[in-house]
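Since the structure comes first, as structure tokens, the remarks are kept for the end.
Protein chains in written order, with this note's numbering: chain U, 78 to 189; chain Y, 13 to 126.
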């Protein structure tokens, strides 16, 4: 079965600093997608960034970037210049056909 | 209208009650989902509807009954729930194109079963 593991239940970072959230996954698929979702305290889950497995180039969205290591099945999220609004739960997910498999999440707290 | 809406946002019910959760998507998507989110657990996929046909039921107890009358609306009918069913229930929708399936989530319904 496909699994996604987030080994950091909680992380904290000071405003303007950089933080990296870890994610590993297991899949037998050759072509798949990986996602990071953010769930702020208001609960609406929103997509932060996506990565296509067949693309070697790491995805970047403004202050958010990923380190995708396909052989190691690792997909970490780096947040640069952290802002107070980045405080949220972050979920890593892998796509298996029409299903998303989620990790347990990492709670990120950004301190002023 | 925001992309995916859910009502109610909060619901408290007794074990003998019958209630329904509603989800509506305004994105023109062809698939809709129900997830259960419990503390310290991964999101659990409950039901998947694609083109209004149910294609996935992850062994969810029959006290949860989904309904998808059209591509924009999804319901979750609840009856004789247990306290362990208390959780955040999230609805999502997506436009499935080939192998790509980016899901858009609603704000969720916080359910408490007494």
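For glycine and all other residues, C-beta sits at the position ideal for the given N, C-alpha and C.
Assignment of residue 65 of chain Y by DSSP, reduced to helix, strand and coil, places it in the strand class.
Only those residues of the region 114-146 of chain U whose C-beta falls short of 9 Å from the nearest C-beta of chain Y are listed: 114, 116, 119, 120, 121, 122, 123, 124, 127, 129.
Residue U:99 holds the alpha-carbon nearest to the alpha-carbon of residue 153 of chain U among U:112, U:99, U:90. By the Cβ rule, the region 80-87 of chain U counts as touching the region 163-182 of chain U, because three or more pairs are nearer than 8 Å. At a beta-carbon threshold of 8 Å, the residues of chain U lying near residue 119 of chain Y are 119, 120, 121, ordered along the chain. Legend: CB atoms of the region 97-115 of chain Y lying less than 9 Å from CB atoms of chain U belong to residues 100, 102, 104, 106, 108, 111, 112, 113, 114, 115.
Non-local C-beta neighbours of residue 56 of chain Y in its own chain, meaning closer than 8 Å and more than five positions away in sequence, comprise 47, 48, 49, 50, 70, ordered along the chain.
Shown in chain order are the members of the region 173-185 of chain U whose Cβ falls below 9 Å from a Cβ of chain Y: 174, 175, 176, 177, 178, 179, 180, 181, 182. Scanning Y:115, Y:63, Y:123 for the CA closest to the CA of residue 80 of chain Y turns up Y:63. Sequence-distant Cβ neighbours of residue 20 of chain Y in its own chain, meaning closer than 7 Å and more than five residues away, are 121. For the pair residue 117 of chain U and residue 126 of chain U, the Cα-to-Cα distance works out to about 15 Å. Against chain Y, the CB of residue 102 of chain U has no partner CB under 8 Å away; the residue lies outside that interface. Each residue's CA atom was taken as its position, placing residue 52 of chain Y and residue 88 of chain U some 15 Å apart. Residue environment: residue 188 of chain U is assigned as exposed (fewer than 16 neighbouring CB atoms within 10 Å of its CB, all protein chains considered). The criterion of a C-beta distance shorter than 8 Å is satisfied by residue 39 of chain Y and residue 105 of chain Y.
One Cα belongs to residue 18 of chain Y, the other to residue 85 of chain Y, and the distance between them is close to 10 Å.
Taking the CA atoms as reference points, residue 107 of chain U sits about 44 Å from residue 30 of chain Y. A Cβ-Cβ distance of about 5 Å is found for the pair residue 128 of chain U and residue 145 of chain U, placing them in contact under the 8 Å criterion. Contacts with chain U at 8 Å (Cβ-Cβ) do not include residue 20 of chain Y.
Put simply, the CB of residue 167 of chain U is far from chain Y, with every gap to its CB atoms at 8 Å or more.
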